[in-house]
Amino acid sequence: MSVFQSQGFSERKPSGSASRVTVLTKDTEFCGSVAFTGELELNGKVEGELLSEDGRLVVGESGIVQAQIRAREVVIAGTVCGNVVATERVQLQRTGKLYGDVSSPILVVEEGALFVGRSEPPPEKRGEAPHVRSLFRLITPKNKEKREVGSPSVGTTEPERPS
1 MSVFQSQGFS ERKPSGSASR VTVLTKDTEF CGSVAFTGEL ELNGKVEGEL
51 LSEDGRLVVG ESGIVQAQIR AREVVIAGTV CGNVVATERV QLQRTGKLYG
101 DVSSPILVVE EGALFVGRSE PPPEKRGEAP HVRSLFRLIT PKNKEKREVG
151 SPSVGTTEPE RPS
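Going by UniProt numbering, the final residue of the sequence shown carries number 163, and the count climbs one at a time with no gaps.
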């Protein structure tokens with residue numbers, strides 16, 4: 001048994017993949033900055049910063065994370081308090097809770113999940129917001145007749161008034 005296994009860390013090779021997965025077990029707490037490659041699965045408590053250029057972070061159902069997160073892909077089934085930046089995808093599973101802002105090209109929120117924060121695409125994916133007036137021009141027919149508010153529409157009759 002390695003020193004990491006005795007302290008709540010373990011490593012396993014995922015089936016069908018050449019990279020390794022590092023697992024933080026549910027009885028483990030960690031405070032500080034973690035830089036990782038490959039896949040990191042958190043089932044314990046983490047406070048600080050989680051950083052990876054090309055890694056995949058999985059917060060398990062028992063995981064509680066209070067950190068700023070930056071990774072290629074982030075999957076949340078536990079609780080995360082902090083902002084998340086992903087270069088590919090963020091997935092909030094049905095048991096997941098995210099209290100923070102997300103910047104990712106893809107955000108998946110499953111039914112039952114809780115997301116309290118803002119979501120926006122990364123700067124390179126943002127387009128200029130269309131002008132509202134031009135949007136209405138696209139959906140309003142050009143030959144539409146103007147009528148006063150409250151006047152009957154074409155083909156309708158006014159209700160009879162009692163005498």
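All C-beta atoms in this analysis are idealised placements derived from N, C-alpha and C, irrespective of residue type, glycine included.
Here the structure is a predicted model, which means the values were calculated and not measured.
A distance below 7 angstroms between beta-carbons, with the five flanking residues on each side excluded, links residue 109 to the following residues of its chain, in chain order: 92 and 115. Beta-bridge annotation (DSSP): residue 30 is paired with 46.
The alpha-carbon separation between residue 64 and residue 105 amounts to approximately 24 angstroms. Per DSSP, the beta-bridge partners of residue 115 are 98. Residues 39, 71, 72 and 73 of the same chain have their beta carbon placed closer than 7 angstroms to that of residue 56, with the five preceding and five following residues left out of the count. For residue 41, the three-state secondary structure derived from DSSP is strand.
Taking C-alpha positions only, residue 99 is separated from residue 42 by approximately 17 angstroms. A direct Cα-to-Cα measurement between residue 125 and residue 103 gives close to 10 angstroms.
In this structure, the alpha-carbon of residue 31 lies about 9 angstroms from that of residue 49. Look at residue 61 here: in three-state DSSP terms it is coil, with no helix or strand label.
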